Each structure stands twice: as C-alpha cells, then as structure tokens.
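**Q** I am attaching a structure below and will ask some questions about it afterwards.
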Amino acid sequence: MAKGSGDGGQVAAPLPPGGHHHGLLPELPTIRNPEARRVTISLKLSDLKFDAHATDKFLRLVGDLYDKDTDLVTFVTDRCPQKKQNYDYALYLLTACYHESFVTEPWEATKSEADMEVYLFERNQSKLSAEEILNWNAKEGAPKVVPSKSFADCVEQLINEGENEYNLGKYKEEVKKMLNIA
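With the UniProt record's numbering applied, the sequence shown covers 1 to 182.
Rendered as structure tokens:
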C-alpha cells in the first residue's frame, strides 16, 4: 500500500503498467536510432482505483496523454541517455500523477461551474431551476418535488456531449415528462 490521500488513508498502488521499448537497438545517443532510448508506458484509466475528484484531477494532470476513445494513459519518455532511466522516469511520472490526484488542495474547494471538467446536475443551477419550476405552485408544507434521475442524466448528457439531434430529442421528451405535457 502506498500513501497518497490527503485524509491520511491508504491508497492502493496501481497494477504494473504495460511498457514498450525497442529491445535490439543500442542505447547510444545517435541520430540513426532515435527510438533507442524511447520508452512507452500505457495503462487503462479504468484499472486505477479513483473516486470522482481523483479522476478529474488525474485527467487534468496528464492532459493530452489520455486517449478518451481507448481509455489509455500513455507516457512516452526519451529524455535520459539510458533506456532504464527513461523507464524509471516514466514510472515516476505515473506515480507522481497518481498520488497527487488524491490530494485535495484548499483552492479546489472553490472551483466554479465553469472550472469543472464534467457537468454534474446535482452541483449546478439547473437542478435548483428545475426544482423551482416543479414546486412553483405547491402549498406550504407540501413535500418538495425533485427532478427525476432520467431528467438529470439527460441534462448531463446534453451538456457534456453537446447539442445533437439525439440529445435534444431526448431532452425534449424528458422535459415533457417532467412537466406532464404529453
């Protein structure tokens, strides 16, 4: 077990990642074999045990190294003169990003809606607006009506994936269902 969470708990270290290097090339710094020192380490993001905050922070830390289509994070290193050094450096980068993902800095608590990587219905103004609409003419003391889970999922999908014919049609149907307009 490796330490890494800000709350003092234990965080399981990730499984050994898959690595790739060119084995028969000499490790000398030469123009002829630029691949000689290059090491590539890839692993699936889903193999790492993250909560929502850690996933968001890890994706921000690795940036373009993450391929959303294949769910792979790929570290490519060729800075050091030896292949072994580059492999160690790639593992260091992976380990540093992994453990830093679990640390919550004080400024992270003040992130606004615009700073979020993914739109979450529960944390945004749209939830409050939908609740106000649903409870607009309710009597005082009556139980509060909340938007359905399917409506929340639909709004999240619309914002996260963008406006397309399918998402807009689904949103239209969910709004009709929520307002009992059929």
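Where is the CB? At the ideal position from N, CA and C, for every residue including glycine.
Just so you know, these numbers come straight off a predicted model, no measurement behind them.
#1: So, are the CB atoms of proline 143 and lysine 127 less than 9 Å apart?
#2: Once the 5 residues before and after isoleucine 71 are set aside, which same chain residues still bring their CB inside 6 Å of it?
#3: Please report the straight-line C-alpha distance between phenylalanine 58 and serine 101, rounded to a whole angstrom.
#4: Kindly list the residues whose CB is nearer than 7 Å to the CB of asparagine 160, restricted to its own chain and excluding five residues on each side of it in sequence; keep chain order.
#5: Taking 9 Å as the threshold (C-beta atoms), are phenylalanine 151 and lysine 177 in contact?
#6: Tell me the DSSP secondary structure of serine 42 in three-state form.
#7: Count the other C-beta atoms from every protein chain shown that fall within 10 angstroms of the C-beta of leucine 15, then say buried if there are 16 or more, exposed otherwise.
#8: Per DSSP, which residues does threonine 74 bridge with? Please list them.
#9: Per DSSP, which residues does tyrosine 66 bridge with? Please list them.
#10: How is cysteine 97 classed by DSSP in three states: helix, strand or coil?
#11: Three-state secondary structure (DSSP) at serine 148?
#12: Are the Cβ atoms of alanine 90 and threonine 55 separated by less than 9 Å?
#13: Is it true that the CB of asparagine 86 sits closer than 9 Å to the CB of arginine 123?
#14: Return helix, strand or coil for tryptophan 107, following the three-state DSSP convention.
#15: Within 10 Å of its beta-carbon, does valine 155 have 16 or more other beta-carbons around it, so buried, or fewer, so exposed?
**A** Judging by the given coordinates:
#1: no
#2: With the sequence shown as reference, residue 71 is identified as aspartate, and isoleucine is not the correct amino acid for it. Around aspartate 71: Lys44, Leu45, Ser46.
#3: 5 Å
#4: Val118, Tyr119
#5: yes
#6: strand
#7: Note that leucine 15 has pLDDT 44, beneath the 50 cutoff, so the model's placement of it is unreliable and no number is given.
#8: Ser42
#9: Val73
#10: helix
#11: coil
#12: no
#13: no
#14: helix
#15: buried
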